[in-house]
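Here is the structure we will look at.
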Amino acid sequence: PSFHNGVASGLRVSIPPTGDGKGGGSSASRDDITRTWVAYNRPKKLNYTHAGFLLALGLQGHLQALAPSDLYWYLSQEHDATIMAILLGAAAGKAG
């Protein structure tokens, strides 16, 4: 349940509006999610909730704000859920 709660929290982060009048989020832009913001919200010890949060950010394309060194740090921590979330989230964000 912790992973799913993290995904739900991450999906609440605003998605830029689509401009088609069908909603698609608030007036926030992708620029609101910065590398600093993600790093500031990182827990001291990785957990399933944060992994779910990272997956949700990736699904919305926000993981592109992270530098390659940030991605490497997450992958090198050997937390399986976080590794899966980073890889799937980054791939989903690039699929566009």
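Heads up: the sequence shown begins at 7 in the numbering used here, then just goes up one per residue.
All residues carry an ideal CB built from backbone N, CA and C; glycine is no exception.
Using the three-state DSSP reduction, which class does residue i fall into: helix, strand or coil?
i	result
T88	helix
L63	helix
K51	coil
A73	coil
T40	coil
V13	helix
How close, in whole Å, do the beta carbons of residue i and residue j come, if the pair is a contact with beta carbons under 8 angstroms?
i	j	result
L60	I89	No, L60 and I89 are not in contact; Cβ-Cβ is about 10 angstroms, not under 8 angstroms.
G16	A62	2 angstroms
Can you find a heavy atom of the ligand COA that lies under 7 angstroms from the Cβ of residue i?
i	result
P49	Of ligands this structure carries none, so the ligand COA is not represented either.
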